[in-house]
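J.: Each residue of the sequence shown is one higher than the one before, starting from -2 at the first, in the working numbering.
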Amino acid sequence: MHDAIVIGAGPAGSSTAIALAQHGWSVAMVEKVVFPRRKVCGEFMSGTSLALLDRLGVGEIWRAEAGPEVRRVGFFSGDVSAQARMPIARTGLGRALGRDRLDYILLQAAERAGVEILQPCKAVAIHQRDDLQFVTVEAGQQQKVLSAPVIIAAHGSWEAGKLPSQLERTNRPSDLFGFKAHFTGAALPPDLMPLLVFPGGYGGMVTADRGRVSISCCIRRDVLSGLRERFGNIAAADALWRHVLASCQGVGTVLAGAELDGPWLAAGPIHPGIRAGYDQGIFRVGNIAGESHPVIAEGISMALQSGWLLARELIASGKGREGHDAAGRRYERAWRRQFSARLRAAALIARIALGPGGGAAMRVVINIFPAALTLGARLSGKTQRVPGF
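1. Decide yes or no for the touch test of the segment 231 to 238 against the segment 286 to 294: beta carbon pairs closer than 8 Å, at least 3 of them.
2. Hey, Val70 and Leu370 are a contact pair by Cβ (cut 8 Å); roughly how many whole angstroms apart?
3. Taking 7 Å as the line, does the beta carbon of Ala243 fall inside it for any heavy atom of the ligand SAH?
4. In the DSSP assignment, find the unbroken beta strand (DSSP E) run with Phe336 in it and report its ends.
5. By DSSP, does Gly249 sit in helix, in strand, or in coil?
6. Compare the beta carbon distance of Lys379 and Ser43 with 8 Å and say whether it is the shorter of the two.
7. Taking its Cβ as the centre, do 16 or more other Cβ atoms sit within 10 Å of Thr88, making it buried, or is it exposed?
8. By a C-beta neighbour count over all protein chains shown, 10 Å radius and 16 as the cutoff for buried, is Gly354 buried or exposed?
9. Could you say if the segment 88 to 99 and the segment 203 to 210 meet the contact criterion of at least three C-beta pairs nearer than 8 Å?
10. Can you look up Ile85 in the DSSP assignment and give me helix, strand or coil?
11. Touch check for the segment 357 to 377 and the segment 312 to 332: three-plus C-beta pairs under 8 Å?
12. Nearest by alpha-carbon distance to Cys215: which of Arg227, Leu192, Pro84 and Glu226 is it?
13. Of all the options Phe73, Leu160 and Arg333, which has the alpha carbon lying nearest to the alpha carbon of Val362?
14. Among Arg60, Ala151, Gly7 and Lys36, which residue has its Cα nearest to the Cα of Arg281?
15. Extract the residue ranges of the beta strand (DSSP E) inside the segment 183 to 251, only unbroken runs of 3 or more that lie entirely within it.
16. Return yes when the Cβ of Leu115 is within less than 8 Å of the Cβ of Val27, no when it is not.
17. Helix, strand or coil, according to DSSP, for Arg109 in the structure here?
18. Which of the three DSSP states is assigned to Leu311 in this structure?
19. Going by C-alpha distance, which of Ala264, Ile4, Met359 and Gly283 is nearest Val147?
20. Given a threshold of 16 other Cβ atoms within 10 Å of its Cβ, counted over all protein chains shown, does Arg227 qualify as buried or as exposed?
21. Between Pro170 and Asp128, how many whole angstroms is the CB-CB distance? I'm expecting something under 8 Å.
22. Give the C-beta separation of Ala263 and Val37 to the nearest angstrom, bearing in mind that I take them to be a contact with Cβ-Cβ under 8 Å.
23. Let's test the definition: count the other Cβ atoms within 10 Å of the Cβ of Leu257 and tell me whether it reaches 16, buried, or not, exposed.
24. Mind reading off the beta-carbon distance from Ala145 to Ile2? Whole number of angstroms is fine, and I expect it under 8 Å.
25. Can you list, in chain order, the stretches of the beta strand (DSSP E) that have 3 or more residues and sit fully within the segment 257 to 296?
26. Considering only the alpha carbon of each residue, which of Arg309, Pro186 and Arg34 lies closest to Leu17?
27. Buried or exposed: which applies to Phe41, given that a residue is buried once 16 or more other Cβ atoms fall within 10 Å of its Cβ?
28. Alpha carbon to alpha carbon, what distance is there between Leu189 and Pro84?
29. How many angstroms separate the CA atom of Leu340 from the CA atom of Ala48?
30. Would you please state the rounded distance, in angstroms, between the beta carbons of Cys391 and Phe176? I believe it to be under 8 Å.
31. Shortest alpha-carbon distance to Tyr101 belongs to which of Gly158, Ile58 and Gly223?
32. Report all residues from its chain with a CB closer than 8 Å to the CB of Cys118; omit the five preceding and five following residues, and keep chain order.
33. Can you look up Ser162 in the DSSP assignment and give me helix, strand or coil?
34. Which of the three DSSP states is assigned to Ser23 in this structure?
35. Are Ala79 and Gly201 closer than 8 Å when you measure CB to CB?
36. Smallest Cα separation from Arg334: which of Pro384, Gly304, Ile312 and Ala347?
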């Protein structure tokens, strides 16, 4: 028996597991995929989480491996290329590190903290009896049951399955799908992170570790289907990339002569919005608790910080089952205080970018007033303090 079982070993799950283990909790963390692995993600982490990385024991290695500090936020759309100052958090400027490295570094820190790692291992069922929760996990053809008073879902919102914390699949024309790739040899200024806006979607670019430029994009399902038909039923990633290059002159300029480093990745649909942080006796962290439109590049910061917020409330309530409902309510309030403003800002920016004529309107505004980029970055939480730091 454990004090807590965490399902998912990404930034949200690992930060929760490490923080609990550092306070004497017996924690098991279940992860279905072997690390290191690539993942659809913009890979930028704002400076607001740097002190938290230190608390988790990975700040030094993150600083040694992450890409350059991002000092400017940019905008590529049509023939417009603009840039402005990135607002600076009290703890420093943000940088990018590939998820193939970040997640593995956090996993190693969890293991050092005493977390029991079950990997590759998949949680397939959860049920409750009296004051305990029971998680059935599967590794190959073998199954076993783990038990703990506390279950934490950190499996993300894209994970399909039958767990009570997982979301039902949707199939709507407006669904957004995410794509991601790395390029080497790009001419993107190393301190610049541009927002990309194109018909039916948006994206971003940033220089990550080892000089790789990380490109991530979201596009509507119906727009992507139309592009694939127009281009002769080619692969979805190829259709998206042709569309981006044709719609954002700045992207083609900085990638002239660059080479694709590994295949394109795809995932989705994305489910922006606030969900229950505590439901059916299960705590939720990361995207499954609430998801921002990726347009503001705050996903990793929100994942790490949500894990910290939950761990803080659980530690305060103690290891037993008593008090968990109150801890869940406190956690949900803390989550909303920390993230709801940036979710609203992201939803507004995404609505404009994805709407008819939205890209053209943004080009006019930013061409006249580039400082709007700085304002948008500030509204998206790039300088918001993390409680306790």
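We put the CB at the ideal spot given by N, CA and C, even for glycine.
All figures in this text were calculated on a predicted structure; none of them were measured in a lab.
T.: Result, derived from the coordinates:
1. They do not touch, by the three-pair rule.
2. For a cut-off of 8 Å, the C-beta gap from Val70 to Leu370 is around 5 Å, short enough to register as a contact.
3. This structure does not include the ligand SAH; it has no bound ligands of any sort.
4. Phe336 -> not in any beta strand (DSSP E); alpha helix (DSSP H) instead, spanning His321 to Leu351.
5. It is helical.
6. The Cβ atoms of Lys379 and Ser43 lie closer than 8 Å to each other.
7. Taking all protein chains in view, the Cβ of Thr88 is crowded by 16 or more other Cβ atoms within 10 Å, so the residue is classified as buried.
8. With a threshold of 16 other beta carbon atoms within 10 Å, Gly354 falls short and is exposed.
9. Because the criterion of three Cβ pairs below 8 Å is met, the segment 88 to 99 and the segment 203 to 210 touch.
10. Ile85: coil per DSSP, three-state reduction.
11. Segments in contact, no.
12. Nearest to Cys215 by alpha-carbon distance, out of Arg227, Leu192, Pro84 and Glu226, is Leu192.
13. Cα-wise, what sits closest to Val362 is Phe73.
14. Comparing Cα positions, the closest option is Ala151.
15. Taken in chain order, the complete beta strand (DSSP E) segments of 3 or more residues contained in the segment 183 to 251 are 189 to 195, 198 to 204 and 210 to 217.
16. Cβ atoms of Val27 and Leu115: closer than 8 Å.
17. If DSSP states are grouped into helix, strand and coil, Arg109 belongs with the helices.
18. In this structure, Leu311 counts as helix in the three-state DSSP scheme.
19. That would be Ile4, whose Cα lies nearest to the Cα of Val147.
20. Arg227 comes out exposed.
21. Contact doesn't hold; Cβ gap of about 45 Å is too wide.
22. About 7 Å separates the beta carbon of Ala263 from that of Val37, a gap short enough to meet the 8 Å contact definition.
23. Classification for Leu257: exposed.
24. About 5 Å separates the two Cβ atoms, so the contact holds.
25. Segments of the beta strand (DSSP E) lying fully in the segment 257 to 296: 262 to 267 and 279 to 281.
26. Just measuring C-alpha positions, the residue of Arg309, Pro186 and Arg34 sitting nearest Leu17 is Arg309.
27. The Cβ neighbour count for Phe41, taken over all protein chains shown within 10 Å, is at least 16; the residue is labelled buried.
28. Computed Cα separation, rounded: 13 Å.
29. Distance between the alpha carbons of Leu340 and Ala48: 22 Å.
30. Outside the displayed span of the chain (-2 to 386) sits residue 391, for which this structure offers no information.
31. It is Ile58 whose Cα lies nearest to the Cα of Tyr101.
32. For Cys118, where only same-chain residues beyond five positions count, the Cβ hits under 8 Å are Val27, Glu28, Lys29, Val134, Glu135 and Ala136.
33. Reduced to three states, the DSSP call for Ser162 is coil.
34. Under the three-state reduction of DSSP, Ser23 is assigned to coil, being neither helix nor strand.
35. No, they are not a contact pair.
36. Nearest Cα to Arg334 within the set Pro384, Gly304, Ile312 and Ala347: Pro384.
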